[in-house]
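Numbering (the working numbering), first residue to last: 8 to 406.
Ideal Cβ positions, reconstructed from N, Cα and C, are used throughout, including at glycine.
Remember, predicted model here, so these are calculated numbers, not experimental data.
Each remark here refers to the structure printed beneath this line.
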């Protein structure tokens with residue numbers, strides 16, 4: 008399609024017309040007659056049956072890989088753990104099995120728990136639009152910290168496990184090891200940016216754009232810095248230029264007792280403690296069936312027994328001491344010589360405490376009244392004792 012040349016003299020922008028006061032018609036950019044001529048010529052060519060639009064081919068279409076936005080180019084940036092996928096790409100990363108020898112995957116937490124040096128595998132599957140070639144794609148696997156304040160720091164191995172590692176020198180710094188036949192280790196232990204971090208590259212099968220990645224982990228989460236002990240395994244789909252087209256993250260915890268740690272995180276201690284307190288109330292209503300049973304609870308000063316009987320609708324916990332017989336009151340006068348006044352007052356305080364306990368256990372009002380009278384008498388005698396300042400520390404060597 009040809010267009011007549013535009014006369015520069017026919018279209019011009021006058022500085023005095025731009026932003027001039029008055030009406031908007033004073034702004035003149037293109038001469039109206041020239042614009043009308045171009046529009047009429049374009050309409051005639053479109054209505055012509057012999058007019059054909061130029062065909063678009065894959066060669067004439069600019070390669071989309073070279074027109075990436077800066078967000079897809081990770082060079083010079085810190086690694087990210089946020090899931091991401093380009094509109095023209097579909098990528099999934101899932102554990103090959105939910106549990107195996109040395110690992111278990113929590114569906115509730117979406118988190119993998121495994122012990123050191125255990126091997127687990129992940130299935131990576133991708134789909135690309137027709138504009139892309141299936142050649143030159145690979146997956147980068149990297150262990151990162153999920154704490155925002157430490158994502159700029161690389162995860163380094165501990166000296167204990169590093170000293171016992173018999174692997175070649177160029178991969179000793181890598182916490183994550185790959186068991187695939189085709190793989191490549193990149194990065195260094197103290198790398199800061201994405202391209203410098205320790206990672207493993209695994210190529211995708213160009214036939215179906217999928218791969219099973221088998222990984223092994225050489226350090227525990229407790230080996231890392233305290234701010235880095237919440238970790239995730241980041242999978243990035245990249246082309247041969249290193250541009251990221253998809254990112255998937257799997258939470259991971261490397262520990263000794265992986266099953267116990269999973270149960271502790273699925274049922275936090277607060278929830279377990281709440282359930283325990285609810286089940287150990289002194290009085291609770293419960294529908295019970297089966298054989299009767301007894302269970303003892305021991306505290307610092309008292310022992311409690313819970314009675315559970317078949318056919319009862321209530322579960323009652325009561326103190327063994329509450330069934331003790333009432334005290335035999337036989338008032339007596341005791342004359343005791345003590346080393347000093349402070350110790351004498353302490354002895355009276357102990358006596359008041361013992362009698363107060365009997366008051367709480369007594370069911371007879373008359374018995375309670377007699378015990379309260381004894382407490383009043385002892386308190387009166389105690390208040391009559393005056394301790395001199397010289398005796399403030401006398402009993403420190405005697406007790």
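Determine the extent of the beta strand (DSSP E) in which residue 245 is found, giving its start and end residues. Segment 238-245, the beta strand (DSSP E) holding residue 245.
For a test of the three-state rule: what should DSSP assign to residue 139, helix, strand or coil? Of the three classes helix, strand and coil, the one that applies to residue 139 here is coil, per DSSP.
How do the segment 384-395 and the segment 346-359 stand: do at least 3 beta-carbon pairs fall below 8 Å, yes or no? As far as the Cβ criterion goes, the segment 384-395 touches the segment 346-359, which means the pair count is three or higher.
Chain-order list of residues whose beta-carbon lies under 7 Å from that of residue 257 (same chain, five-residue window excluded): Contacts found: 100, 119, 239, 240.
Three-pair Cβ contact test at 8 Å for the segment 221-238 versus the segment 85-101: In the pairwise beta carbon analysis, the segment 221-238 is classified as not touching the segment 85-101: fewer than three pairs are separated by under 8 Å.
Helix, strand or coil: which one does DSSP assign to residue 157? Residue 157: helix per DSSP, three-state reduction.
What residue range does the beta strand (DSSP E) around residue 251 cover? It spans 251-261 - the beta strand (DSSP E) in which residue 251 sits, taken as one unbroken run.
DSSP beta-bridge partners for residue 215? Under the DSSP definition of a beta bridge, residue 215 lacks any partner.
So, residue 211 versus residue 146, is the Cβ gap smaller than 9 Å? Yes; because the gap between Cβ atoms is below 9 Å, this pair is in contact.
Quick one: is residue 275 buried, meaning 16 or more other Cβ sit within 10 Å of its Cβ, or exposed? By the neighbour-count criterion, in which a residue is buried when 16 or more other Cβ atoms sit within 10 angstroms of its Cβ, residue 275 is exposed.
Ordered along the chain, which non-local residues of its own chain (more than five positions away) have a Cβ less than 7 Å from that of residue 228? Within the same chain, and ignoring the five residues on either side of residue 228 in sequence, the residues whose Cβ sits closer than 7 Å to its Cβ are 236, 238, 260, 261, 262.
Roughly how many angstroms separate the alpha carbons of residue 217 and residue 264, rounded to a whole number? Between residue 217 and residue 264, the C-alpha separation is close to 32 Å.
Enumerate, from N- to C-terminal direction, the unbroken alpha helix (DSSP H) stretches of 4 or more residues contained entirely within the segment 354-382. Within the segment 354-382, no run of alpha helix (DSSP H) reaches 4 residues while sitting entirely inside it.
Assuming residue 81 and residue 201 form a contact by the criterion Cβ under 8 Å, report the distance between their Cβ atoms to the nearest whole angstrom. About 4 Å separates the beta carbons of residue 81 and residue 201, which is inside the 8 Å limit, making them a contact pair.
Work out the CA separation of residue 180 and residue 136 for me, nearest whole Å. Cα-Cα distance, rounded: 37 Å.
So what does DSSP say about residue 230, is it helix, strand or coil? Here residue 230 carries a helix assignment [DSSP, helix/strand/coil].
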